[in-house]
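Heads up: the structure comes next, in structure tokens.
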Amino acid sequence: KAGVTQTPRYLIKTRGQQVTLSCSPISGHRSVSWYQQTPGQGLQFLFEYFSETQRNKGNFPGRFSGRQFSNSRSEMNVSTLELGDSALYLCASSYLSGRTDTQYFGPGTRLTVL
Amino acid sequence: KQEVTQIPAALSVPEGENLVLNCSFTDSAIYNLQWFRQDPGKGLTSLLLIQSSQREQTSGRLNASLDKSSGRSTLYIAASQPGDSATYLCAVHFSGGYNKLIFGAGTRLAVHP
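Structure below.
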């Protein structure tokens, strides 16, 4: 069974640009969550989608948005990039709500903002 | 505020030692607790998931315990090997949120031959 995949693996952008990251969950998983990892703040929850609906959102500005498609694939968008958005962005998938499910993480997308 | 703390921040041990990594959390109302491993620049690998109703879980040389009432979990690694060198992260799924994991800062483990 294929794991969680994320594309692209690496991105370099300049301040003010926007970026879209993609995540394909494990086949059959319907929940996709996104996290930002930085050396200073560690791993922080961005948002979670289930059946195309955002069910939970972390404490990030509105520049961070996402969506989920009917095949459970998810995209995350960051507009008006800032230097502080440089981070490893990880997505995770689980079968249902995660209350009893293991969450499986992808390899991440390394975003560098210059 | 829901927080997760991991001690120690870093650990260096010789190969073959048994070791314990600690995780504490501020709220006993949890769905589950998950231990992950992260190699430098990589994603997270799930090691063990402990449900709130469970006391421990084992996988190979790894054993994780959970004491919900005291807000603590430990990850025990038996007979450590150089390949165990990585950062170990504890993550708690607190009650009331969909799939929102709160992570500790991690324990950076180095096992030297």
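The listed protein sequences correspond, in order, to chains A and B.
The numbering used here puts the first residue of the first sequence at 1, with every later residue one more than the last.
The numbering used here puts the first residue of the second sequence at 1, with every later residue one more than the last.
Yeah, the Cβ is synthetic: ideal placement off N, Cα and C, and Gly gets one too.
Predicted model, so just to flag it, every value in this text is computed and none were measured.
(message) Given this structure, state the Cα-to-Cα distance separating B:A9 from A:R55, to the nearest angstrom.
(response) The residue given as residue 9 of chain B occupies position 9 in the second sequence. The residue given as residue 55 of chain A occupies position 55 in the first sequence. Each residue's Cα considered, the two are about 33 angstroms apart.
(message) Under 7 angstroms, Cβ to Cβ, is there at least one residue of chain B near A:E75?
(response) Along the first sequence, read from residue 1 onward, the residue named residue 75 of chain A stands at position 75. It does not; no Cβ of chain B falls within 7 angstroms.
(request) Could you check which residue in B:K42, B:S73, B:P14 and B:S69 has the C-alpha nearest to that of B:L62? (result) By one-based count along the second sequence, residue 62 of chain B stands at place 62. Nearest option by C-alpha distance: B:S73.
(message) Mapping the DSSP letters down to three states, classify B:G83 as helix, strand or coil.
(response) In the second sequence, the residue the question calls residue 83 of chain B occupies position 83. Residue state, collapsed to three classes: helix.
(request) Output, in chain order, the set of chain A residues within a Cβ distance shorter than 8 angstroms of B:S46. (result) The residue labelled residue 46 of chain B in the question sits at position 46 within the second sequence. T102, Q103, Y104 and F105, listed in chain order.
(request) With a threshold of 16 other CB atoms inside 10 Å of the CB of B:K1, please say whether the residue is buried or exposed. (result) What you label residue 1 of chain B is simply residue 1 of the second sequence in a count that begins at 1. Counting Cβ neighbours within 10 Å, B:K1 comes out exposed, since fewer than 16 surround it.
(message) Let me check understanding here. Comparing Cα to Cα, which of B:S28, B:A86 and B:V4 lies closest to B:G96?
(response) Translated into the one-based positions of the second sequence, residue 96 of chain B becomes position 96. Closest option to B:G96, Cα to Cα, is B:S28.
(request) May I ask you to list the residues that DSSP assigns as paired with B:F25? (result) By one-based count along the second sequence, residue 25 of chain B stands at place 25. According to DSSP, which records beta bridges pairwise, B:F25 is partnered with B:V4.
(message) Suppose contacts are defined by Cβ-Cβ distances below 7 angstroms. Is A:S79 in contact with A:Q18 by that definition?
(response) Locating residue 79 of chain A in the first sequence gives position 79, counting from the first residue. Locating residue 18 of chain A in the first sequence gives position 18, counting from the first residue. Result yes, Cβ atoms of A:S79 and A:Q18 sit closer than 7 angstroms.
(request) Could you pull out every unbroken alpha helix (DSSP H) segment of at least 4 residues lying fully inside the region 42-81 of chain A, listed in chain order? (result) none
(message) Using only the alpha-carbon positions, how far apart do A:Q44 and A:L90 sit?
(response) Reading the first sequence from its first residue, position 44 is the one you call residue 44 of chain A. Reading the first sequence from its first residue, position 90 is the one you call residue 90 of chain A. Roughly 10 angstroms between the two C-alpha positions.
(request) Give the range of the beta strand (DSSP E) segment to which B:N118 is assigned. (result) The question about residue 118 of chain B has no answer, for chain B in this structure spans 1 to 113.
(request) Note down, in chain order, every chain B residue with its Cβ under 9 angstroms from the Cβ of A:F50. (result) Within the first sequence, the letter at position 50 stands for residue 50 of chain A. Within 9 angstroms Cβ-Cβ: Y98 and N99.
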